[in-house]
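Student: One structure follows; several queries about it will come next.
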Amino acid sequence: MDKKLIFSGIQPTGTFTLGNYIGAVRNWDKLQEEYNCIYCVVDMHAITVKQENEKFRFTRLNSYALLMACGIDIEKSILFIQSHVKTHAELNWLLCCNTQFGELSRMTQFKDKSQRHPDDVNAGLFTYPSLMAADILAYNADLVPVGIDQKQHLELARNIAQRFNQRYGDFFTLPEPYINEVGAKVMSLQEPTKKMSKSDENPNACILILDDKDTIIRKFKRAVTDSEAEVCYREGKDGINNLMTIYSVVTGKDLASVEREFAGKGYGDFKLAVGEAVADHLEPVRTEFARLSADKAFLKQCYTDGAEKALRYSQRVVSKAFHKVGFVDRT
Ligand code: AQP
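Right, dumping it as structure tokens:
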């Protein structure tokens with residue numbers, strides 16, 4: 079049987095956080111063995127929030143190198159930068175015309191981001207989910223590994239695909255979310271009821287995967303917890319639950335053994351252990367990133383090849399979608 083196709087993307091809005099890593103990227107390399115995988119730096123999504131142009135150019139390339147450093151192997155997967163593959167923008171338009179205003183208005187990310195950036199509630203921010211649907215449907219992907227925050231967008235992508243199929247005849251595959259059981263939503267270290275985000279203004283709220291060991295330990299030491307002193311996973315202990323989840327993911331220990339390991343110990347010991355485990359886990363990523371980012375010519379070759387492969391693949395799907403809608407074929 080043919081392997082299923084995976085598609086996922088990440089915005090180059092800054093260095094990836096531990097949330098991006100645990101919720102999404104850490105699985106991407108493992109999935110390469112079992113699936114055909116297409117991964118993408120979704121830079122067009124990133125400009126729905128204002129970016130400083132020079133810094134943005136730099137972060138896009140860094141994000142590409144970071145994905146390679148996290149284990150994406152360009153011999154096994156297609157890895158490219160979204161804006162280099164024009165079919166995403168083309169299909170976006172067809173899908174926008176099959177997306178309802180009401181559906182977009184219900185998206186929590188739109189509501190959150192428009193509240194955070196009231197001076198720039200732009201049309202791109204509003205139609206973001208339609209472009210995300212285009213990213214996925216341009217490859218007829220079966221599965222989309224995402225953190226839980228993106229589940230609503232993925233459901234909308236399925237609805238858009240379904241509507242298109244009803245109007246123009248069965249064509250798009252309905253993509254399924256692929257969500258981790260543990261770590262699907264890593265929370266802010268400073269406000270543990272809020273998700274950890276790259277664009278958080280408080281640097282102590284998130285661990286960046288390129289932070290050095292001292293910084294990681296310092297941020298964990300400052301993590302907001304509670305006034306008890308018991309390391310146990312329980313409703314209402316958001317800060318400790320978050321740290322336990324992180325520790326469990328990076329050490330491979332289940333929550334019950336984490337509780338046993340820290341029984342009778344204080345939060346200080348626990349936070350230090352989490353910081354050390356995370357720093358050690360991320361060390362190979364930092365080392366590989368330093369090696370890759372020193373070789374700009376190699377990176378350029380990789381993203382150019384990736385874009386060519388992605389264009390070849392998606393062009394077939396997108397041309398057929400235009401044909402179905404009734405456009406005159408170009409060739
Ligand atoms: N805190 C999180 N926990 C688990 N998964 C997360 N993801 C993001 N934050 C967490 C998952 O990471 C993937 C890539 O996300 P993205 O960069 O495309 O967009 P995002 O969800 O908006 O991520 P950020 O970090 O919050 O970026 P900004 O601050 O720029 O908006 C997705 O699969 C996402 O679910």
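Numbering-wise, my numbering comes out as the position in the sequence shown, counting from 1, plus 78.
Glycine included, each C-beta is placed from N, C-alpha and C at the ideal position.
None of these values were measured; they are calculated from a predicted model.
#1: In angstroms with no decimal places, state the Cα-to-Cα distance between Lys402 and Glu339.
#2: Cα separation between Met210 and Val406?
#3: Name the one or two DSSP bridge partners that Ser86 has.
#4: If we count Cβ pairs, one from each stretch, closer than 8 Å, do we get three or more for the segment 84-100 versus the segment 252-264?
#5: Drop a sphere of 10 angstroms on the beta-carbon of Trp171, count the other beta-carbons inside from all chains shown, and report buried for 16 or more, exposed for fewer.
#6: Beta-carbon within less than 8 Å of Phe249's beta-carbon, same chain only, minus the 5 sequence neighbours each way: which residues are those?
#7: When every heavy atom of ligand 1 is checked, does at least one fall within less than 7 Å of the C-beta of Lys263?
#8: Please state if the CB of Leu232 and the CB of Pro253 are separated by a distance shorter than 8 Å.
#9: Tell me the rounded alpha-carbon separation between Leu360 and Ala143.
#10: Using the C-alpha atoms, what's the distance from Ala307 back to Ile88?
#11: Whole beta strand (DSSP E) runs in the segment 251-335 with 3 or more residues, listed along the chain?
#12: Quickly, what does DSSP pair Val222 with across the bridge? List them, please.
#13: Nearest to Arg296 by alpha carbon, out of Asp220, Gly149, Ala357, Ser208?
#14: Hey, would you say Lys414 sits closer than 8 Å to Lys349, going by beta carbons?
#15: Distance check for Gly346 and Tyr117, CA to CA, integer angstroms please.
#16: Who pairs with Phe158 in a beta bridge, going by DSSP?
#17: Measuring alpha carbon to alpha carbon, tell me which of Ser335, Ala301, Leu288, Lys291 ends up nearest Tyr311.
#18: Pick out whichever of Pro207, Tyr206, Tyr246 has its Cα sitting closest to the Cα of Gly404.
#19: Residue range of the alpha helix (DSSP H) that Pro207 falls in?
#20: Considering Cα atoms alone, identify which of Ser208, Asp292, Ser305, Glu181 is closest to Thr126.
#21: For a quick check, are the C-beta atoms of Thr93 and Ile287 less than 8 Å apart?
#22: Quick one: using the 10 Å Cβ neighbour count with 16 as the cut-off for buried, is Val199 buried or exposed?
#23: Who are the Cβ neighbours of Gln160 in its own chain at under 6 Å, not counting the five residues just before and after it?
#24: Tell me the residue span of the alpha helix (DSSP H) that contains His195.
#25: Can you tell me whether Lys273 is buried or exposed? The criterion is at least 16 other CB atoms within 10 Å of its CB, across all chains shown.
#26: Would you say Asp220 and Leu109 are within 8 Å of each other, going by their C-beta atoms?
#27: Determine, using beta carbons only, whether Ser86 and Pro196 come nearer to each other than 8 Å.
#28: Per DSSP, Thr95 forms a beta bridge with which residues?
#29: Using 8 Å as the threshold, is the C-beta distance between Tyr325 and Ala351 below it?
Tutor: Concretely, from the data shown:
#1: Working through the sequence shown from its first residue, we reach residue 402 at position 324. Working through the sequence shown from its first residue, we reach residue 339 at position 261. Taking the straight line from one Cα to the other gives about 59 Å.
#2: Here the question's residue 210 lines up with position 132 in the sequence shown. Here the question's residue 406 lines up with position 328 in the sequence shown. One C-alpha to the other measures close to 26 Å.
#3: Taking the sequence shown and counting its residues from 1, the one referred to as residue 86 is at position 8. Tyr117, per the DSSP bridge assignment.
#4: With the cut-off at 8 Å, the segment 84-100 and the segment 252-264 touch.
#5: Here residue 171 refers to the residue found at position 93 when the sequence shown is read from its first residue. Trp171 should be labelled exposed.
#6: To locate residue 249, count along the sequence shown from 1; it is residue 171. Excluding positions up to five away in sequence, the list reads Phe242, Asn243, Lys398, Ala399, Lys402.
#7: As a position in the sequence shown, residue 263 is number 185, starting the count at 1. With a cutoff of 7 Å, Lys263 counts as near ligand 1, since its C-beta is closer than that to a heavy atom of the ligand.
#8: Along the sequence shown, one-based indexing puts residue 253 at 175. Along the sequence shown, one-based indexing puts residue 232 at 154. Yes; because the gap between Cβ atoms is below 8 Å, this pair is in contact.
#9: Taking the first residue of the sequence shown as 1, we reach residue 360 at position 282. Taking the first residue of the sequence shown as 1, we reach residue 143 at position 65. Cα atoms of Leu360 and Ala143: separation of roughly 15 Å, rounded to the nearest angstrom.
#10: To locate residue 88, count along the sequence shown from 1; it is residue 10. To locate residue 307, count along the sequence shown from 1; it is residue 229. The straight-line gap from Cα to Cα measures roughly 37 Å.
#11: Segments of the beta strand (DSSP E) lying fully in the segment 251-335: 254-256.
#12: Counting from one through the sequence shown, the residue named residue 222 turns up at place 144. Per DSSP, the beta-bridge partners of Val222 are Pro255.
#13: Start at 1 with the first residue of the sequence shown, and residue 296 comes out as number 218. Here the closest residue by C-alpha is Ala357.
#14: Because the chain in this structure spans residues 79 to 409, residue 414 falls outside the shown range and cannot be described.
#15: Locating residue 117 in the sequence shown gives position 39, counting from the first residue. Locating residue 346 in the sequence shown gives position 268, counting from the first residue. Looking at the two C-alpha atoms, the distance is approximately 39 Å.
#16: Against the sequence shown, residue 158 aligns to sequence position 80. Residue pairing of Phe158 in beta bridges, as defined by DSSP: Cys118.
#17: The count along the sequence shown starts at 1 and reaches residue 311 at position 233. Ranked by how close their Cα comes to the Cα of Tyr311, the residues Ser335, Ala301, Leu288, Lys291 have Ser335 in first place.
#18: Translated into the one-based positions of the sequence shown, residue 404 becomes position 326. Cα-wise, what sits closest to Gly404 is Tyr246.
#19: Taking the first residue of the sequence shown as 1, we reach residue 207 at position 129. Where Pro207 is concerned, the enclosing alpha helix (DSSP H) stretches over 201-215.
#20: Along the sequence shown, one-based indexing puts residue 126 at 48. Taking only the C-alpha atoms, the option nearest Thr126 is Ser208.
#21: As a first step, residue 93 is located in the sequence shown; it is residue number 15 there, counting from the start. As a first step, residue 287 is located in the sequence shown; it is residue number 209 there, counting from the start. Here Thr93 is near Ile287, since their CB atoms are less than 8 Å apart.
#22: Walking along the sequence shown from the start, residue 199 turns up at place 121. Per the 10 Å Cβ criterion, exposed.
#23: As a first step, residue 160 must be located in the sequence shown, where it is residue number 82. Contacts found: Cys118, Val120, Asp121, Met122, His166.
#24: Your numbering for residue 195 matches position 117 in the sequence shown. Counting along the chain, His195 falls outside any alpha helix (DSSP H), and DSSP gives it neither H nor E.
#25: One-based indexing of the sequence shown puts residue 273 at position 195. It is buried - the Cβ of Lys273 has at least 16 other Cβ atoms within 10 Å.
#26: Along the sequence shown, read from residue 1 onward, the residue named residue 220 stands at position 142. Along the sequence shown, read from residue 1 onward, the residue named residue 109 stands at position 31. Not closer than 8 Å, so no.
#27: Position 8 of the sequence shown, counted from the start, is the residue given in the question as residue 86. Position 118 of the sequence shown, counted from the start, is the residue given in the question as residue 196. With respect to the 8 Å criterion, Ser86 and Pro196 are not classified as neighbours on the basis of their beta carbons.
#28: For the purposes of this step, residue 95 is taken as residue 17 along the sequence shown, with counting starting at 1. Paired residue(s): Leu286.
#29: Position 247 of the sequence shown, counting from 1, holds the residue named residue 325. Position 273 of the sequence shown, counting from 1, holds the residue named residue 351. Cβ distance < 8 Å, so Tyr325 and Ala351 count as in contact.
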